[in-house]
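Structure first, then comments.
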Amino acid sequence: MFLSKKAIKEIKKELKEQDLFLSYKNQLKIKEISFLLTKISIIFNSSISLKKMYEIEESFIKNKVDQIFWTKQFKKISIYFEKPFDKCNWESFGNFIFYVWNQYIFKNKKYRLESIYNYDNFNDINSFKAHEYTKWVNSMVDSKSIEFNVYIRKVLKLL
Numbered sequence: 094m095f096l097s098k099k100a101i102k103e104i105k106k107e108l109k110e111q112d113l114f115l116s117y118k119n120q121l122k123i124k125e126i127s128f129l130l131t132k133i134s135i136i137f138n139s140s141i142s143l144k145k146m147y148e149i150e151e152s153f154i155k156n157k158v159d160q161i162f163w164t165k166q167f168k169k170i171s172i173y174f175e176k177p178f179d180k181c182n183w184e185s186f187g188n189f190i191f192y193v194w195n196q197y198i199f200k201n202k203k204y205r206l207e208s209i210y211n212y213d214n215f216n217d218i219n220s221f222k223a224h225e226y227t228k229w230v231n232s233m234v235d236s237k238s239i240e241f242n243v244y245i246r247k248v249l250k251l252l
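Its first residue numbered 94, the sequence shown is counted upward by one per residue in the working numbering.
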């Protein structure tokens with residue numbers, strides 16, 4: 094059974110019932126990143142259970158600043174993606190998203206001090222972010238799926 098768009102509502106409802114939704118929202122701070130793993134799982138027709146997806150989304154409350162955590166979470170959910178996308182480089186994508194999230198925070202003056210970005214390292218980090226994105230896109234191309242570009246556009250639309 095694949096995740097559907099209702100999964101986000103169900104996870105949000107469960108977070109509210111556990112009194113964690115406000116904490117989840119405050120930790121991620123940026124709306125585009127909220128439920129991103131679930132949204133990507135839906136795009137790639139993930140067969141992950143709703144319970145497991147909830148646990149992964151909930152874990153962002155405590156681990157949002159850990160870059161390795163982001164890469165592991167994307168790798169963890171990718172094994173449930175439809176073939177051949179389950180074999181793509183999701184660790185690189187996790188790194189890319191971690192830097193995207195930090196860039197959003199940096200651009201938002203209210204949270205700027207919480208970001209790993211600063212005016213001195215901005216270009217260096219963006220260079221690494223682009224490198225990680227390229228590794229992920231190359232793995233999507235290597236998947237040999239003729240629809241890889243459709244999936245890439247769907248993911249990028251989320252950001």
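Where is the CB? At the ideal position from N, CA and C, for every residue including glycine.
With a Cβ-Cβ cutoff of 8 Å, do residue i and residue j count as a contact?
i      : j      : result
Tyr226 : Met233 : no
Tyr284 : Phe153 : There is simply no residue 284 to check, as the chain begins at 94 and stops at 252 in what is shown.
Tyr212 : Ile218 : no
Phe189 : Lys168 : no
Lys106 : Ile135 : no
Ser236 : Cys181 : yes
Ordered along the chain, which non-local residues of its own chain (more than five positions away) have a Cβ less than 6 Å from that of residue i?
i      : result
Ser171 : Asp179 and Trp183
Phe174 : Phe137 and Ser139
Ser238 : Pro177
Leu251 : Lys132
Gly187 : Trp163, Thr164 and Phe167
Leu108 : Phe114 and Tyr117
Asn332 : Because residue 332 is not part of the residues shown, which for the chain are 94 to 252, the question remains open.
Gln120 : Ile154 and Lys157
Please determine, among the options, the residue with the shortest C-alpha to C-alpha distance to residue i.
i      : options                           : result
Lys102 : Asn201, Asn119 and Phe128         : Phe128
Val158 : Ile133, Ser208, Phe189 and Ile141 : Ser208
Gln160 : Leu143, Ser185 and Leu108         : Ser185
Glu148 : Asn119, Leu113, Tyr197 and Asn201 : Leu113
Take residue i and list the residues in its own chain whose beta-carbon comes closer than 8 Å to its own, dropping the five residues that flank it on each side.
i      : result
Val230 : Ile245
Thr131 : Leu96, Ala100, Ile101, Ile104, Met146 and Glu150
Phe215 : Phe199
Does the Cβ of residue i have 16 or more other Cβ atoms within 10 Å, making it buried, or fewer, making it exposed?
i      : result
Ile65  : No answer is possible for residue 65: the residues shown for the chain start at 94 and end at 252.
Lys124 : exposed
Asn199 : According to the sequence as given, residue 199 is Phe; it is not Asn. The residue is buried, with at least 16 neighbouring Cβ atoms inside 10 Å.
Asn195 : buried
Glu110 : exposed
Leu115 : exposed
Spatial neighbours of residue i within its chain, please: CB distance less than 7 Å, with the 5 preceding and 5 following residues excluded, ordered by chain position.
i      : result
Lys122 : Ile198 and Tyr204
Phe241 : Met233 and Val234
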